[in-house]
Amino acid sequence: LQAVAYLVKRLLRGGVPASPPDPLADEFVLVAAAEAADFGSSAAALRRGTVRTTCAGVHLDLRDATLAPGGARLDLRTVLGATEVVVPPGWRVIARGKAVAGSISTSVTPEATLPAEAPTLIVDARVTLGAVHVRAARPA
């Protein structure tokens, strides 16, 4: 497994950003290959996030972020790993995608309890031999 992780990391090296994403940026790209990553966004108008997880685990914390007026989109690709996304209670989360030998799950505020103007996060996920889970943070 270490050899596979090494090869994946070498293959991805050319497309991997040299430094961690800016927590204040309204768009970000996070790549975790054979190493765990923990990232928190505090963007004032988050529009888009891209996360690539390969042979790793990612914890993405969006509790301090504010979505752009039209909402935001996350593009998640997870292979042989796990990606967890934490959102504030009160966000509308629309999760869609495809999992092959894996799962995409949510435990967020129920749609029926959200106001019509609730911020909307669309999560597009593709999972192979892994998991993506989006959950609402517990109210303080």
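When we follow our numbering, the leftmost residue of the sequence shown carries the number 951, and every step to the right adds one.
Heads up, the beta-carbon is just placed ideally off N, CA and C, and yes, glycines get one too.
Checklist entry - When the distance is taken between beta carbons, is V1037 closer than 8 Å to A1087? => result Yes, these two residues count as a Cβ contact at 8 Å.
Checklist entry - Near A1018, which residues of its chain fall below 8 Å by C-beta distance, leaving aside the five closest residues on each side in sequence? => result Only D976, A995, L996, R997 meet the Cβ criterion.
Checklist entry - Are L1024 and V1073 touching if we call contact CB-CB under 8 Å? => result Between L1024 and V1073, the CB-CB gap stays under 8 Å.
Item to check | In chain order, each beta strand (DSSP E) run of at least 3 residues that lies wholly inside the region 971-1026 | outcome: Runs of the beta strand (DSSP E) inside the region 971-1026: 977-983, 987-990, 998-1004, 1007-1011.
Checklist entry - In chain order, what residues of the same chain lie with their CB nearer than 7 Å to the CB of P971, ignoring the 5 residues before and after it? => result Here the set comprises F978, V979, L980, F989.
Checklist entry - Should T1003 and A1022 be called a contact, given that it needs their Cβ atoms to be closer than 8 Å? => result Taking C-beta atoms as the reference points, T1003 and A1022 fail to come closer than 8 Å.
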